[in-house]
Amino acid sequence: MHKLGLLQECMRDCNRAIATFPTYAKAWYRRGKANASLKKYKDAKLDLEVALSMEDSLSRKSQIKGELTIVLCESNHTNVTGMVNDNGAKGEVDSLAQSQAIALHCVSTQSKGRGLTSGNDIPPTSLVHYEQPLGAILLKACRDTHCHFCFVEVPADAFFCPSCIIPVYCSNSCQEKALGEQSIRNHDNCLMSKNLSADLQKHVMHVLLANHVRSPRSEISTKHIPEHRHECGGVHWSSVLPPDIVLAARVMVASIERWKAFGRTSSPLDYLDLSSNYSQNSPVYKLESHIYAVVLLHCLHKYYNSDFPFSGVSAGQLILVISQVKVNSMAIVHMKSIYQDEALRNCSKLSTSENYNTQSTEQVKVAQAIYLKGSLFNHSCQPNVHAYFISRTLFVRTTELVSACCPLELSYGPQVGQLDRQDRQKLLEEQYLFQCNCSGCSELNLSDIVINAFRCDQPYCLGAVLEAPLYKRLDDNFLQVSDASSICKISLPLPNHEKEKDISNVAQLLLNERGAKSHVSAGQCLSCGCYCNLKYLAAASKSSVTNIQRLKDSLGSDEIPDAFLSDILNSLSHLRSVRHPYSKIVAEAEDNVAEAFVRIGKFELGMQHCIASIKILEKLYHRNHIVMGHELMKLASIQLCLGDYNAALVSIERAESIFSLHYESHVDQIFPHLKILRSQAENSAA
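First residue of the sequence shown: 1, per the UniProt record's numbering; consecutive thereafter.
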């Protein structure tokens, strides 16, 4: 590790070896060299002196003395720096959350059941909730790359479960919390036999204690119930079963441990206060859950014996927990940055033949978890709070002013602007077994009309043409919306409201006409009423999108096609001629074209198409939506490569304000690359 330049990993390897065998001279020697490379000369000197005292070979003693001389010489010219404790930083985050969180109240409504509110007005960016999970499980795709306890990416010197070697951990602390309390070795006798000086004995004990992080018994029994302990040994069922089934077992184990800790009264499920929609599940899903419950019952009974008997009652409890996990689990999402630091720093030197990708971030699902109180937040397609994760801790912040007694609602996935109403309803019904009646689904929205719309073929008409659903104006300021599977009623926006003006530009018939004229069918323009050829429009749109994607993918080859520029611009122009100007399909195409131009060094064209994409997204989402922050980071990276540093700073500042609204004090922790963008823009503009 030291020769590869992985100094922190080298330190952790040495600490691990010392914790196992404190008199291992080579580990102390390597630790001293790593500390010297990190310019921590005080610790390096002590490490090498310990190594010298413990080494028996004369030749190696001479080698250690030579290294010690070098360290003493270098320490005379350099200030000493201290070590940083990662666990302290995490503790600081938790204490900050405790001081900021706002008291919430659980209420029940007829339409949504239980939910959370506050008795006072809550300003934007307020932290309203934070919570550790009752149970969590890493997704299979991340098993080799992420810590199985805290879900961060593991370093090169990862820790493994000593029994089954399946879970990977980033630190001894995470390993201990997942597996349970480990025994402490008594190192005093072996240290005394080496006749170390008092200062060196103190240093050795300091290193041993600093690298053995123990969790108090009370903490393990209430906060960190070992998640992997019951899965380890024998058949490795936790690596074979689906993650949600393994999560159900972990939730059941947490309930059993709490039941045992608090006197074994009543039932373990009394410690779970989660909703369940078992009766609404399909027969196939019910059969699968029964089979998985029997498998889990066998596995858990083998571990708990009489505490979890092999009986029909226990199987029924597991069936219920599996159903509860389905509708209450949250996907733990971490931000992944596709960031080419060196390319950005040297972007002014890029030629048209060199490849460069735009700065972009994506949300990556790494795990799923159950949060008891977090599950009480109801869903809205227009949420007023934002949920995010640091490690495995859930944080929830307001993104707008929330009035007293107003429900606090987050998005379970689909939002207005991301999908149209029909697709949002379908997704929520399939995954969570409920029909959404939030404000975003009960009132007509511009984005629901234009997101997948075609362009009217009449000149100068901005009207939207839809494949589905069908609209019919009712007499009481409502619209009847019908598609192949359902009929519902939604309200129209208030007269003279800004929302009504935007809709009027693309769908006058829905607002102004009544009776037979207001009946709008598939293929009919919502503004002028003209009928368009849907079959032609759909085929032309599909062809253009396919061509743009094909041309973009062709940049992965060694040679750029001669007609690349004209072909991709012609395909985009053709798409614009059939799709509505506010369509998300056009926005995505503009984004693909922008990225393609940036990759071949055409930064000016890339910036123009990136701005065009952002303008469309501003119609679908509101200006401060988190999606806009991600798009502005792309724009800023292109502006930096173009040399327009002042414009890049404007884009970065707007992105920072959007991210601050959603993450507040955690922005730098979640988006560390944003600092690099700002630093590059400020240094270049100066």
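For glycine and all other residues, C-beta sits at the position ideal for the given N, C-alpha and C.
To the nearest angstrom, how far is it from the Cα of residue i to the Cα of residue j?
i	j	result
LEU661	PHE377	19 angstroms
GLN480	ALA522	14 angstroms
CYS438	ASP668	33 angstroms
GLN8	ILE676	22 angstroms
SER197	GLU74	24 angstroms
CYS299	TRP237	8 angstroms
VAL402	ALA686	41 angstroms
LEU444	LYS489	10 angstroms
ILE390	LEU134	16 angstroms
ARG623	CYS174	40 angstroms
CYS441	SER447	11 angstroms
GLU682	LEU635	16 angstroms
PHE21	VAL366	35 angstroms
SER314	GLU664	44 angstroms
PRO309	LEU272	19 angstroms
LEU6	HIS290	49 angstroms
GLN382	VAL416	6 angstroms
LYS3	SER62	21 angstroms
CYS10	VAL204	18 angstroms
LYS65	LEU52	7 angstroms
HIS228	ILE332	19 angstroms
ASN592	SER571	12 angstroms
THR393	HIS206	30 angstroms
SER541	LYS619	20 angstroms
CYS456	CYS530	8 angstroms
SER527	ILE503	10 angstroms
TYR471	TYR621	23 angstroms
LEU674	SER360	11 angstroms
LEU200	SER59	22 angstroms
ASP476	GLY606	48 angstroms
Examine the ligand ZN and report whether any of its heavy atoms sits within less than 8 angstroms of the Cβ of residue i.
i	result
SER282	By its list of ligands, the structure shown contains no ligand whatsoever, and the ligand ZN lies outside what it can speak to.
How about residue i and residue j: do their beta carbons lie closer than 9 angstroms?
i	j	result
ALA404	LEU247	no
GLU131	TYR292	no
LEU575	ILE614	no
MET335	ILE670	yes
PRO581	ILE626	no
SER583	VAL364	no
GLY119	CYS106	no
CYS142	PHE151	yes
GLN458	CYS406	no
ILE166	HIS129	no
GLN680	LEU640	yes
GLU500	LEU509	no
Leaving out five residues on either side along the sequence, give the residues of the same chain with a beta carbon under 6 angstroms from the beta carbon of residue i.
i	result
GLY629	ALA655, ILE658, PHE659
ALA387	VAL396, LEU410
GLU231	SER238
ASP56	none
GLY91	Only weak support is given to the placement of GLY91: the predicted model assigns it a pLDDT of 48, under 50, and the value that follows is read from those uncertain coordinates. No residues qualify anywhere along the chain.
GLU362	LYS336
PRO672	none
GLY684	Strictly speaking, residue 684 in this sequence is Ser, with Gly absent from that position. Same-chain partners within the cutoff: TYR645.
Please work out which residues of its chain come closer than 7 angstroms, Cβ to Cβ, to residue i, disregarding the five sequence neighbours upstream and downstream, and give them in chain order.
i	result
GLN418	none
TYR24	ALA17, ILE18
ALA34	HIS2, LEU7, CYS10, MET11, CYS14
ALA178	HIS148, PHE149, PRO167, TYR169, PRO226, GLU227, HIS228
GLN280	LEU433
ASN38	The residue asked about is misnamed: residue 38 is Leu in this sequence, not Asn. Once the five neighbours on either side are set aside, the close Cβ partners of LEU38 are LEU7.
Within its chain, find whatever has a CB closer than 8 angstroms to the CB of residue i; leave out the 5 residues flanking it on each side and keep chain order.
i	result
SER276	LEU320, SER323, GLN324, VAL327
ASP567	ASN547, LEU551, PRO561
SER311	none
GLU678	What sits at residue 678 in the sequence shown is Arg, not Glu. These residues qualify, in order along the chain: LEU649, ILE652, GLU656.
residue 690	An answer regarding residue 690 cannot be provided, because it is not within the stretch 1 to 686 covered by the chain.
Problem set entry | Given 8 angstroms, three or more beta-carbon pairs between the stretch 433-453 and the stretch 153-160 | no
Problem set entry | 4 or more residues per run - each alpha helix (DSSP H) lying fully within the stretch 376-457 | 421-432, 439-442, 446-450
For this session: Any chance you could list the alpha helix (DSSP H) runs of at least 4 consecutive residues sitting entirely within the stretch 309-342, in chain order?
Result: 312-328
Exercise. Where are the alpha helix (DSSP H) runs, 4 residues long or more, that stay fully inside the stretch 549-632, in chain order?
Worked result: 564-578, 584-599, 603-620
For this session: Inspect the CB distances between the stretch 458-468 and the stretch 586-594 and report whether three or more fall short of 8 angstroms.
Result: no
Exercise. Touch check for the stretch 392-402 and the stretch 110-127: three-plus C-beta pairs under 8 angstroms?
Worked result: yes
Exercise. Is the stretch 423-430 close to the stretch 594-609, with three or more CB pairs under 8 angstroms?
Worked result: no
Problem set entry | Runs of alpha helix (DSSP H) lying entirely within the stretch 629-663, each at least 4 residues, in chain order | 645-663
Exercise. Which ranges would you report for the alpha helix (DSSP H) in the stretch 2-56 if only whole runs of at least 4 residues count?
Worked result: 7-20, 25-37, 41-54
Exercise. Of all the beta strand (DSSP E) runs that stay within the bounds of the stretch 465-540, which reach a length of 3 or more residues?
Worked result: 470-473, 478-482, 487-491
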